[in-house]
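Novice: Heads up: the sequence shown at position 340 corresponds to 416 in the working numbering, and the numbers run straight through without jumps.
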Amino acid sequence: MRSHLLNDTTAEHYRRSVTEGVERVAAKLAATDRPFTGVTADDLAPRIDAIDLDRPLRDTTAALDELEDVYLRDAVYFHHPRYLAHLNCPVVIPAVLGEAVLSAVNSSLDTWDQSAGGTLIERKLIDWTSARIGLGLAADGVFTSGGTQSNLQALLLAREETKTEELTKLRVFASEVSHFSVQKSAKLLGLGPDAVVVVPVDHDKRMQTVALAHELERCAEAGLIPMAVVATAGTTDFGSIDPLPEIAGLCEQYGAWMHVDAAYGCGLLASRKYRHRIDGIERADSVTVDYHKSFFQPVSSSAVLVRDAATLRHATYHAEYLNPRRMVTERIPNQVDKSLQTTRRFDALKLWMTLRVMGADGIGALFDEVCDLAAEGWKLLAADPRFDVVVEPSLSTLVFRYIPAAVTDPAEIDRANLYARKALFASGDAVVAGTKVSGRHYLKFTLLNPETTTADITAVLDLIAGHAEQYLGESLDRAC
Numbered sequence: 077m078r079s080h081l082l083n084d085t086t087a088e089h090y091r092r093s094v095t096e097g098v099e100r101v102a103a104k105l106a107a108t109d110r111p112f113t114g115v116t117a118d119d120l121a122p123r124i125d126a127i128d129l130d131r132p133l134r135d136t137t138a139a140l141d142e143l144e145d146v147y148l149r150d151a152v153y154f155h156h157p158r159y160l161a162h163l164n165c166p167v168v169i170p171a172v173l174g175e176a177v178l179s180a181v182n183s184s185l186d187t188w189d190q191s192a193g194g195t196l197i198e199r200k201l202i203d204w205t206s207a208r209i210g211l212g213l214a215a216d217g218v219f220t221s222g223g224t225q226s227n228l229q230a231l232l233l234a235r236e237e238t239k240t241e242e243l244t245k246l247r248v249f250a251s252e253v254s255h256f257s258v259q260k261s262a263k264l265l266g267l268g269p270d271a272v273v274v275v276p277v278d279h280d281k282r283m284q285t286v287a288l289a290h291e292l293e294r295c296a297e298a299g300l301i302p303m304a305v306v307a308t309a310g311t312t313d314f315g316s317i318d319p320l321p322e323i324a325g326l327c328e329q330y331g332a333w334m335h336v337d338a339a340y341g342c343g344l345l346a347s348r349k350y351r352h353r354i355d356g357i358e359r360a361d362s363v364t365v366d367y368h369k370s371f372f373q374p375v376s377s378s379a380v381l382v383r384d385a386a387t388l389r390h391a392t393y394h395a396e397y398l399n400p401r402r403m404v405t406e407r408i409p410n411q412v413d414k415s416l417q418t419t420r421r422f423d424a425l426k427l428w429m430t431l432r433v434m435g436a437d438g439i440g441a442l443f444d445e446v447c448d449l450a451a452e453g454w455k456l457l458a459a460d461p462r463f464d465v466v467v468e469p470s471l472s473t474l475v476f477r478y479i480p481a482a483v484t485d486p487a488e489i490d491r492a493n494l495y496a497r498k499a500l501f502a503s504g505d506a507v508v509a510g511t512k513v514s515g516r517h518y519l520k521f522t523l524l525n526p527e528t529t530t531a532d533i534t535a536v537l538d539l540i541a542g543h544a545e546q547y548l549g550e551s552l553d554r555a556c
């Protein structure tokens, strides 16, 4: 069994095995003609259940053959131009190369003596991102597993900065279309059930600052503590960007921590064309970025950035066996001092390789393409009488629904749209997402693939209309 350990004596075995795996994936990518096969859980589960994990195949080729049957054949492929559903991006090759390197070397980014240069690379990327945001020379941060963890850590710091033990008095303000991790974080942080104050949004799904000001004033009058305002730069459902400068002004007025959840909109940090859309982000106390959403990185690759590095002390604990206090005075850089995690992957290497090969302008140009595509998609939807589109996109998301000419019952229209999404997924021809707007069911395109074209959008809209019309026709037949 030692022949499977990666070391100096097995380097050739490693090379052959990984090459065979890469060739399988490359062949699959080249042959994929639709984003999904339409397989159901009932179809796939028996194949996986039948595998006896206590009886190994003892052969890499055989294991890859089996993997083809239980995973590769039926995976959802985000690189396909008609995958239009969630915030999943196609990945760039330099980042995939970085993934291969970091997995093999297997550095752990908690302490210097487990990572060395990896620590300095991550710190360099944190400084680069902080500079792109404009947080100032005192800024710092750390890579995380994703936006949920980044938001949790930011709100932890905000809670501690209030310097109060009366947790039931703390309030967090977020828009009604903010990410669910705000509520989840409040619960994990031991705040009261009323801790998150939901602020209404305007027609463009942006936080209403007049309403926010009212809620902050109400909070102050009630003797409560405005712990934080979470502004979103790219909401999950609409890609909407809250009015950051106005929110920053209110946070300063009421002494609230300003956190910007830019998990989606962080792609604008590399944009030459649309960077202005997140003006005001530089005034934040903390910022969440998800490189695995709009920097075309493999999951996971995220970070939380803070204006004042000293606030990261609230996540610091010292253990004699890992990061004793003396290491601080010895200036030994241990990233665990800043992180909620201990053992942590060297995910920063993927972004490092991407920047060193493509450059920030290369990433920004790709993100600009999907923003431009969404603008064209909005024009198509707005001009098509079959569809109702909610808002003009600020990023690359389109929320819409099919509206039949002869049906006026909103519940029946809901069912037609739900059916269309389900039927489309089952066909494998395209994958789209869904959400609710004012209690009604809508469909969603999240456009993160520069290879997607307006022709793809048109074709998928026709497929959606066709499935919806089929459902309505069958429904009418049943009614008769």
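The C-beta atom is built at its ideal place from N, Cα and C for all residues, glycine as well.
Fair warning: this is a prediction, and the values are worked out from it, not measured in the lab.
What is the DSSP secondary structure of A385, counted as helix, strand or coil?
Specialist: Note: A385 maps to helix in three-state DSSP.
Novice: Return the chain-ordered list of same chain residues with a C-beta closer than 6 Å to the C-beta of C327, the five sequence neighbours on each side being excluded.
Specialist: Answer for C327: V305, M334, listed in chain order.
Novice: Could you check what DSSP says for T511 in three-state terms: helix, strand or coil?
Specialist: Strand, per DSSP.
Novice: Alpha carbons only, please: which of V152, P157, E142 is nearest the one belonging to T529?
Specialist: Answer by Cα proximity: P157.
Novice: Please state if the CB of S377 and the CB of Y393 are separated by a distance shorter than 7 Å.
Specialist: Contact: no.
Novice: Suppose you measure from the CA of R208 to the CA of L524; what does that come to, to the nearest Å?
Specialist: Answer to the nearest angstrom: the Cα atoms are 21 Å apart.
Novice: Tell whether a beta-carbon distance below 7 Å holds between V275 and V248.
Specialist: In this structure, V248 does not lie closer than 7 Å to V275 by Cβ.
Novice: Using 7 Å as the threshold, is the C-beta distance between I197 and A379 below it?
Specialist: It is not a contact, given that the beta carbons lie outside the stated cut-off.
Novice: Quick check: what's the CA-CA separation for C556 versus A451?
Specialist: Because C556 sits at a pLDDT of 48, beneath the cut-off of 50, its placement in the model cannot be relied upon, and the following sentence gives the value as read from the coordinates. Approximately 42 Å between the Cα atoms of the pair.
Novice: How many whole angstroms separate the CB atoms of P469 and G315, which I take to be in contact at a CB cut-off of 8 Å?
Specialist: So it is a contact: roughly 5 Å between Cβ atoms.
Novice: Would L539 and L500 qualify as a contact pair, given that the criterion is a beta-carbon distance under 7 Å?
Specialist: The answer is yes: Cβ separation under 7 Å.
Novice: Quick one, which of A502, T387, L381, T419 has its alpha-carbon nearest N399's?
Specialist: Looking at the Cα atoms, T419 is the closest of the given residues.
Novice: Among A481, Y90, L246, which residue has its Cα nearest to the Cα of L300?
Specialist: Measuring from the Cα of L300, the nearest candidate turns out to be L246.
Novice: Have a look at L228, G266, S251 and flag the residue whose alpha-carbon is nearest the alpha-carbon of E241.
Specialist: The residue with the shortest Cα to Cα distance from E241 is G266.
Novice: In the DSSP assignment, what residue or residues form a beta bridge with G217?
Specialist: G217 is bridged to L381.
Novice: Reducing DSSP to helix, strand and coil, say where S251 ends up.
Specialist: Residue state, collapsed to three classes: strand.
Novice: Using the rule of at least 16 other Cβ atoms within 10 Å of the residue's Cβ for burial, across every protein chain shown, is I489 buried or exposed?
Specialist: Label assigned to I489: buried.
Novice: Any heavy atom of the ligand GDP closer than 6 Å to the beta-carbon of L243?
Specialist: With respect to the ligand GDP, the structure shown offers nothing to examine, as it has no ligands at all.
Novice: Which of helix, strand or coil does DSSP assign to Y478?
Specialist: Y478 falls in the strand class under three-state DSSP.
Novice: Note down, in chain order, each residue of its chain lying with its Cβ closer than 8 Å to the Cβ of D460, except the 5 sequence neighbours on either side.
Specialist: Excluding positions up to five away in sequence, the list reads L537.
Novice: So which of D118, T108, G174 has the shortest CA-CA distance to K426?
Specialist: When only C-alpha atoms are compared, the closest one is G174.
Novice: Thinking C-alpha only, which one of K414, K520, A324, D203 is nearest L233?
Specialist: Of K414, K520, A324, D203, the residue nearest in Cα terms is K414.
Novice: Under 7 Å between the Cβ atoms of I357 and V382?
Specialist: Going by C-beta atoms, I357 is not nearer than 7 Å to V382.
Novice: By the DSSP assignment, the beta strand (DSSP E) with T364 in it spans what residues?
Specialist: It spans 362-366 - the beta strand (DSSP E) in which T364 sits, taken as one unbroken run.
Novice: Is the CB-CB distance between L416 and D216 below 7 Å?
Specialist: Contact: no.
Novice: Suppose contacts are defined by Cβ-Cβ distances below 7 Å. Is A139 in contact with T430 by that definition?
Specialist: Cβ atoms of A139 and T430: not closer than 7 Å.
Novice: Am I right that V507 and V167 are in contact with their C-beta atoms under 8 Å? What's the rounded C-beta distance?
Specialist: With 8 Å as the limit, V507 and V167 do not qualify as a contact, their Cβ atoms being about 17 Å apart.
Novice: Looking at the structure shown, is R516 part of a helix, part of a strand, or coil, going by DSSP?
Specialist: R516 falls in the strand class under three-state DSSP.
Novice: Write down every uninterrupted run of the alpha helix (DSSP H) in the stretch 286-373 whose length is 4 residues or greater and which is fully enclosed by it, in chain order.
Specialist: 320-330, 367-370, all fully within the stretch 286-373.
Novice: In terms of alpha-carbon separation, which member of G542, E550, A307, V465 lies closest to Y518?
Specialist: Nearest C-alpha to Y518: V465.
Novice: For a minimum of 4 consecutive residues, which ranges assigned as the alpha helix (DSSP H) are wholly contained in the stretch 171-208?
Specialist: With a minimum length of 4 residues, the continuous alpha helix (DSSP H) runs that stay inside the stretch 171-208 are 188-191.
Novice: Verify whether the separation of the beta carbon atoms of D532 and R110 is less than 7 Å.
Specialist: For D532 and R110, no; Cβs fall outside 7 Å.
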